[in-house]
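Q:
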Amino acid sequence: MPRTRRFEPGLRLAGLALAGLGLAGLCLGAFSASVRAGSGTFDADHWRRVFARPEYAPMPTGNATTPEKVALGAMLFEDPRLSGDGTVSCATCHQAELSFTDGVPRHEGHDGQPLDRRTPSLWNTAWGLSWFWDGRAAGLEAQAAEPILNKREMAGDVRRAVEILAADASASRSFARAFPEDPTVTRDNILKALAAFQRTLVSPETKFDRWVKGNDDALDQDEMAGFRLFVGRARCVSCHTGWRFTDEAFHDIGLPGTDPGRGAVLGLKEVDNAFKTPSLRERVWTAPYTHDGSLTTLEDVVDHYADRVIERPTVSADLPRRIELNATERAQLVAFLSTLSSEDPPRPASLPARTIALGGDAQAATTFVGQKNRRFTPGAVLLKVGEVLRIVNDDTRVHNVRIDGPGMSVNSDAQNPGDTVTVGFDQPGRYDAICGVHPEMRLTVQVEP
Amino acid sequence: MKRRKIWTNLSTAVLIATPAATQAAASPAQLAFAIEARADECLVQLAQHQGHGGAAMPATRDGEGEGGAAELPASLHLARGIAMIRGHLLIGGELIEAGRWKEALPHFLHPEEEIYASLRNDLKAYGVGPFQTTLKALSQTVKAKNKEAYARARATLEERLAAAESAVLAKEENKPYFVLETALETLQQASDEYEEAVENGRIANVVEYQDARGFVYEVDRLVGAVADALAAKDAEAMKALRASLSDLKATFPTPMPPQKAVKDAGEFLSAVSKFELQLGKFR
Numbered sequence: 001m002p003r004t005r006r007f008e009p010g011l012r013l014a015g016l017a018l019a020g021l022g023l024a025g026l027c028l029g030a031f032s033a034s035v036r037a038g039s040g041t042f043d044a045d046h047w048r049r050v051f052a053r054p055e056y057a058p059m060p061t062g063n064a065t066t067p068e069k070v071a072l073g074a075m076l077f078e079d080p081r082l083s084g085d086g087t088v089s090c091a092t093c094h095q096a097e098l099s100f101t102d103g104v105p106r107h108e109g110h111d112g113q114p115l116d117r118r119t120p121s122l123w124n125t126a127w128g129l130s131w132f133w134d135g136r137a138a139g140l141e142a143q144a145a146e147p148i149l150n151k152r153e154m155a156g157d158v159r160r161a162v163e164i165l166a167a168d169a170s171a172s173r174s175f176a177r178a179f180p181e182d183p184t185v186t187r188d189n190i191l192k193a194l195a196a197f198q199r200t201l202v203s204p205e206t207k208f209d210r211w212v213k214g215n216d217d218a219l220d221q222d223e224m225a226g227f228r229l230f231v232g233r234a235r236c237v238s239c240h241t242g243w244r245f246t247d248e249a250f251h252d253i254g255l256p257g258t259d260p261g262r263g264a265v266l267g268l269k270e271v272d273n274a275f276k277t278p279s280l281r282e283r284v285w286t287a288p289y290t291h292d293g294s295l296t297t298l299e300d301v302v303d304h305y306a307d308r309v310i311e312r313p314t315v316s317a318d319l320p321r322r323i324e325l326n327a328t329e330r331a332q333l334v335a336f337l338s339t340l341s342s343e344d345p346p347r348p349a350s351l352p353a354r355t356i357a358l359g360g361d362a363q364a365a366t367t368f369v370g371q372k373n374r375r376f377t378p379g380a381v382l383l384k385v386g387e388v389l390r391i392v393n394d395d396t397r398v399h400n401v402r403i404d405g406p407g408m409s410v411n412s413d414a415q416n417p418g419d420t421v422t423v424g425f426d427q428p429g430r431y432d433a434i435c436g437v438h439p440e441m442r443l444t445v446q447v448e449p
Numbered sequence: 001m002k003r004r005k006i007w008t009n010l011s012t013a014v015l016i017a018t019p020a021a022t023q024a025a026a027s028p029a030q031l032a033f034a035i036e037a038r039a040d041e042c043l044v045q046l047a048q049h050q051g052h053g054g055a056a057m058p059a060t061r062d063g064e065g066e067g068g069a070a071e072l073p074a075s076l077h078l079a080r081g082i083a084m085i086r087g088h089l090l091i092g093g094e095l096i097e098a099g100r101w102k103e104a105l106p107h108f109l110h111p112e113e114e115i116y117a118s119l120r121n122d123l124k125a126y127g128v129g130p131f132q133t134t135l136k137a138l139s140q141t142v143k144a145k146n147k148e149a150y151a152r153a154r155a156t157l158e159e160r161l162a163a164a165e166s167a168v169l170a171k172e173e174n175k176p177y178f179v180l181e182t183a184l185e186t187l188q189q190a191s192d193e194y195e196e197a198v199e200n201g202r203i204a205n206v207v208e209y210q211d212a213r214g215f216v217y218e219v220d221r222l223v224g225a226v227a228d229a230l231a232a233k234d235a236e237a238m239k240a241l242r243a244s245l246s247d248l249k250a251t252f253p254t255p256m257p258p259q260k261a262v263k264d265a266g267e268f269l270s271a272v273s274k275f276e277l278q279l280g281k282f283r
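Residue numbers (the UniProt record's numbering), protein chains in the order written: chain A, 1 to 449; chain B, 1 to 283.
(1) Going by other Cβ atoms of all chains shown within 10 Å of its Cβ, with 16 needed for buried, is F7 of chain A buried or exposed?
(2) Cβ closer than 7 Å: which chain B residues qualify as neighbours of Q95 of chain A?
(3) DSSP three-state call for G65 of chain B: helix, strand or coil?
(4) Out of A:M154, A:R397, A:E141, which has the shortest C-alpha to C-alpha gap to A126 of chain A?
(5) Quick one, which residues of the stretch 280-310 of chain A are near chain B if we go by CB-CB under 8 Å, in chain order?
(6) At 8 Å on the CB atoms, spell out the chain B contacts of I434 of chain A, in chain order.
(7) Can you name the start and end residues of the alpha helix (DSSP H) that N411 of chain A belongs to?
(8) Which residue comes first and which comes last in the beta strand (DSSP E) that contains A433 of chain A?
(9) Can you give me the Cβ contacts of A176 of chain A inside the same chain, cut-off strictly under 7 Å, excluding the 5 residues immediately before and after it?
(10) Here's a check: name, in chain order, each residue in its chain whose Cβ is nearer than 7 Å to the Cβ of E94 of chain B, leaving out the five neighbours to either side.
(11) Name the residue from A:A171, A:A234, A:K151, A:E248 whose alpha carbon lies nearest to the alpha carbon of G128 of chain A.
(12) Could you have a look at residue 461 of chain A and say whether DSSP puts it in helix, strand or coil?
(13) In this structure, how does DSSP classify W131 of chain A when only helix, strand and coil are distinguished?
(14) When Cβ atoms are compared, which residues of the stretch 85-109 of chain B fall closer than 7 Å to chain A?
(15) Given a cut-off of 7 Å, decide if T314 of chain A and D272 of chain A are closer than it, judged by their beta-carbon atoms.
(16) Would you call the CB atoms of R152 of chain B and T134 of chain B closer than 7 Å?
(17) Flag this pair as touching only if the stretch 218-237 of chain A and the stretch 319-335 of chain A have three or more C-beta atom pairs under 8 Å; answer yes or no.
(18) Which residues in chain B sit within 7 Å of P345 of chain A, going by Cβ to Cβ distance?
(19) For the candidate residues A:L358, A:S350, A:E387, A:D303, whose alpha-carbon lies nearest to that of A364 of chain A?
(20) Which residues mark the beginning and the end of the alpha helix (DSSP H) in which V50 of chain A is found?
(21) State the beta-bridge partners of P114 of chain A as determined by DSSP.
(22) So is G280 of chain B in contact with chain A if we call contact Cβ pairs under 7 Å?
(23) Starting from G103 of chain A, find everything on chain B with Cβ-Cβ shorter than 8 Å and list it in chain order.
(24) So, is V423 of chain A buried or exposed, given that buried needs 16 or more other C-beta atoms within 10 angstroms?
(25) Run through chain A and tell me which residues come within less than 7 Å of G266 of chain B, C-beta to C-beta.
(26) Out of A:V410, A:Q371, A:S409, A:V392, which one is the CA nearest neighbour of H438 of chain A?
(27) Mapping the DSSP letters down to three states, classify Y126 of chain B as helix, strand or coil.
(28) How should G280 of chain B be labelled, buried or exposed, when 16 other C-beta atoms within 10 angstroms of its C-beta is the threshold for buried?
(29) Closer than 6 Å: is that where the CB of A243 of chain B sits relative to any heavy atom of ligand 2?
(30) I need the DSSP call for G424 of chain A, collapsed to helix, strand or coil.
(31) When you compare only the Cα positions, how much space is there between V284 of chain A and S341 of chain A?
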């Protein structure tokens with residue numbers, strides 16, 4: 001859960017302080033890497049400061065992150081009416097279940113051809129200094145207009161989208177709640193709501209954060225060895241620094257390909273092939289990697305740095321030309337990278353929990369069953385015909401509810417933690433429900449006339 | 001009919017009789033009972049196989065793949081684990097092809113939740129890199145119902161499984177025989193699943209039916225891959241193996257179960273034992 005500050009001068013300060021910290025991190029990172037090359041010491045306290053998570057999410061003046069705006073933004077993010085033909089939403093490419101990516105090297109565009117670049121994950125974009133792989137957008141608000149208008153992405157027409165949303169009473173009400181000072185559906189308000197929602201996509205604390213907070217045992221031996229390589233001999237930290245593991249700068253890391261990247265934005269040949277250093281948070285869930293999706297696994301990425309960097313004048317000065325890494329060391333680096341990801345695919349707290357209704361009126365449910373610790377609790381319930389059962393996932397893992405006859409066959413979708421399944425029963429009898437994911441979870445439902 | 005139920009009831013009974021008894025202390029008695037219970041069901045032959053019939057199920061069922069795990073040599077344990085994971089992928093993939101994402105999901109979550117943990121040490125022993133996150137990365141694509149992402153994540157996992165499989169096979173002298181042993185172990189798991197699935201002539205638990213189907217079809221694929229070597233050794237026995245596999249496959253006409261169960265649990269087990277009978281001829 002991100003904590004956002006509500007009064008703006010404070011926030012501005014927080015933003016400035018953050019930017020400052022980022023720079024400090026960069027210099028310190030480079031400095032210590034060069035010091036260590038000779039000495040081989042490891043200053044844990046120093047690295048704990050470099051990688052400490054911030055307390056607050058930044059937010060710009062003029063677009064406070066309010067719950068109403070976030071809720072509206074979450075809705076718009078999934079609303080295909082923002083696209084030209086009403087079929088594509090932001091979530092089409094930035095799928096929440098896939099850490100806001102799409103799992104392919106390059107998403108197919110409207111013209112059936114792959115887009116030029118890989119869909120990036122949207123975790124922690126609130127802390128960005130520029131957006132897109134080449135940094136061409138200067139703010140999240142400005143950024144959001146691009147995919148909507150882009151002929152190959154959503155091919156939308158913002159004016160038409162505004163008309164459609166304004167004609168929808170429920171959408172208009174949501175806009176009014178989100179923007180009390182300007183309660184209308186406008187282009188600006190659409191973009192502000194989308195940006196506000198995206199600022200809440202903060203990746204959860206992971207194993208590595210427990211180490212940062214002082215728990216020396218949080219990382220196992222291999223992970224720790226990988227971390228030492230990361231900040232030491234492999235010099236990854238010269239670009240992947242700070243709690244998000246990015247310097248927000250643009251580098252050519254010697255991948256094949258002809259996309260000029262930052263070079264085209266600045267009109268400078270010297271920075272051709274340079275792309276924004278991606279964050280390394282939650283990367284276990286966002287394969288394939290890099291701006292063109294050409295590296296399929298984290299192992300593949302490490303092999304690239306060790307063996308396959310293309311020599312050309314634009315290659316970043318911060319990139320070591322040859323790193324000797326044996327198989328064990330490569331595995332250790334990957335083990336370390338994995339500690340920057342949640343142990344299960346993370347889900348943002350700002351996305352509402354789902355209710356999956358399997359017959360009956362979900363609102364009318366009177367009997368509740370939990371699923372904590374892989375157990376339906378209570379394990380047996382007694383209902384009257386017509387009553388509706390509500391099964392809430394109060395566990396930490398994904399569950400499911402299914403009944404395979406006789407007399408009734410239902411199968412809920414995946415039930416994430418927090419999601420609810422409601423089941424209506426119109427015939428008396430005994431029904432055995434199980435969780436399809438954990439078939440040993442049993443629930444007996446006795447329905448009386 | 002339900003071995004697990006007998007087992008669970010027994011252990012509760014033992015615990016009630018001697019409240020202080022820990023599971024471990026109670027287990028010799030349980031073991032004897034369990035073997036007897038199985039003997040009643042004409043399972044003697046299987047129970048003799050490597051002695052893991054009797055101890056097949058701990059008192060609480062902590063997921064598939066744990067049955068008899070302790071007694072299997074690491075090679076076989078790992079190979080069986082890989083086969084079971086592939087069995088899950090196989091049935092899961094069939095369901096996805098049929099557009100049944102919801103039905104497919106459990107089969108992608110099971111390998112990570114129920115099998116992987118028991119393989120961790122084996123993988124280390126064989127110098128195979130961990131692939132737990134690869135499993136989870138695959139199941140997230142199924143949850144997302146994203147076919148392109150699924151295809152990619154699945155290909156990545158298949159590579160990992162193939163690497164693990166070659167690491168195990170590299171150390172085996174008689175590879176075709178080892179594959180048969182793996183096949184038999186996997187079939188035993190299939191019969192456990194199938195037994196859980198059938199109740200009074202119908203498939204009461206669809207997921208377990210599907211597990212069993214996936215395992216049997218994976219075994220069919222495993223055996224198919226070494227068929228030439230096996231036939232060269234004993235063509236007759238190979239024919240018999242094929243016949244028992246066809247018989248086992250016929251238990252599962254479709255990924256979604258038929259109205260009426262094709263076999264009861266006893267018939268399924270006896271088909272497995274026909275497969276087992278041929279094994280000695282390939283040693």
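Virtual Cβ for every residue (Gly too), placed ideally from N, Cα, C.
A: This is what the structure gives:
(1) Numbered from its first residue, the first sequence carries residue 7 of chain A at position 7. Summary for F7 of chain A: the model assigns pLDDT 32, below 50, so the residue's position carries little reliability; its value from the coordinates is reported in the next sentence. That one is exposed.
(2) Working through the first sequence from its first residue, we reach residue 95 of chain A at position 95. Neighbours of Q95 of chain A in chain B, taken as residues whose beta carbon is under 7 Å from its own, are A144, N146 in chain order.
(3) If you number the second sequence from 1, residue 65 of chain B lands on position 65. Low per-residue confidence applies at G65 of chain B: pLDDT is 47, beneath 50, and the placement is therefore not dependable, though the value from the model is reported in the following sentence. The answer is coil: DSSP assigns G65 of chain B none of H, G, I, E or B.
(4) Walking along the first sequence from the start, residue 126 of chain A turns up at place 126. Of the candidates A:M154, A:R397, A:E141, A:E141 places its Cα closest to the Cα of A126 of chain A.
(5) V284, W285, A287, P288, T296, T297, E299
(6) Start at 1 with the first residue of the first sequence, and residue 434 of chain A comes out as number 434. The answer, in chain order, is N205, V207.
(7) On the first sequence, residue 411 of chain A is found 411 positions in, with the first residue counted as 1. Not the alpha helix (DSSP H): N411 of chain A falls in the beta strand (DSSP E), residues 409-411.
(8) For the purposes of this step, residue 433 of chain A is identified with residue 433 of the first sequence, where counting begins at 1. That run of the beta strand (DSSP E) goes 429-434.
(9) Within the first sequence, residue 176 of chain A is the residue found at index 176, counting from 1. So the qualifying residues of the chain are P183.
(10) Position 94 of the second sequence, counted from the first residue, corresponds to residue 94 of chain B. Contacts found: P255.
(11) As a working note, residue 128 of chain A is residue 128 in the first sequence. Considering only alpha carbons, the answer is A:E248.
(12) Residue 461 of chain A is absent from the model: chain A starts at 1 and stops at 449.
(13) Taking the first sequence and counting its residues from 1, the one referred to as residue 131 of chain A is at position 131. Three-state DSSP puts W131 of chain A in a strand.
(14) So the list reads K102, E103, L105, P106, L109, given in the order they occur along the chain.
(15) Working through the first sequence from its first residue, we reach residue 272 of chain A at position 272. Working through the first sequence from its first residue, we reach residue 314 of chain A at position 314. Contact flag set, yes.
(16) Counted from its first residue, the second sequence places residue 152 of chain B at position 152. Counted from its first residue, the second sequence places residue 134 of chain B at position 134. Not a contact, by the Cβ cut-off of 7 Å.
(17) When C-beta atoms of the stretch 218-237 of chain A are compared with those of the stretch 319-335 of chain A, three or more pairs fall below 8 Å, so the two segments count as touching.
(18) For this step, residue 345 of chain A is matched to residue 345 along the first sequence. K136, Q140, listed in chain order.
(19) Against the first sequence, residue 364 of chain A aligns to sequence position 364. Measuring from the Cα of A364 of chain A, the nearest candidate turns out to be A:E387.
(20) Here the question's residue 50 of chain A lines up with position 50 in the first sequence. Where V50 of chain A is concerned, the enclosing alpha helix (DSSP H) stretches over 44-50.
(21) Along the first sequence, read from residue 1 onward, the residue named residue 114 of chain A stands at position 114. Note: P114 of chain A sits in a beta bridge opposite A:E108.
(22) Here the question's residue 280 of chain B lines up with position 280 in the second sequence. No, G280 of chain B does not count as interfacial toward chain A.
(23) Taking the first sequence and counting its residues from 1, one reaches residue 103 of chain A at position 103. Residues of chain B passing the Cβ test: T141, A144, N146, E148, A149, Y150, R152, A153.
(24) Taking the first residue of the first sequence as position 1, residue 423 of chain A is located at position 423. Here V423 of chain A is buried: its Cβ has 16 or more other Cβ atoms, across all protein chains shown, within 10 Å.
(25) Here residue 266 of chain B is taken as the residue at index 266 of the second sequence, counted from 1. Going along chain A, no residue has its Cβ under 7 Å from G266 of chain B, so there is no contact; the nearest lies around 21 Å.
(26) Counted from its first residue, the first sequence places residue 438 of chain A at position 438. The shortest C-alpha separation from H438 of chain A is found at A:Q371.
(27) Taking the second sequence and counting its residues from 1, one reaches residue 126 of chain B at position 126. The answer is coil: DSSP assigns Y126 of chain B none of H, G, I, E or B.
(28) Numbered from 1 along the second sequence, position 280 holds the residue referred to as residue 280 of chain B. The residue in question, G280 of chain B, is exposed, as its Cβ has fewer than 16 Cβ neighbours within 10 Å.
(29) Inclusion of ligand 2 in the displayed structure is not the case, the ligand content being empty and no account of it being possible.
(30) Taking the first sequence and counting its residues from 1, one reaches residue 424 of chain A at position 424. Residue state, collapsed to three classes: strand.
(31) Here residue 284 of chain A is taken as the residue at index 284 of the first sequence, counted from 1. Here residue 341 of chain A is taken as the residue at index 341 of the first sequence, counted from 1. Using only the alpha carbons, I get a separation of about 6 Å.
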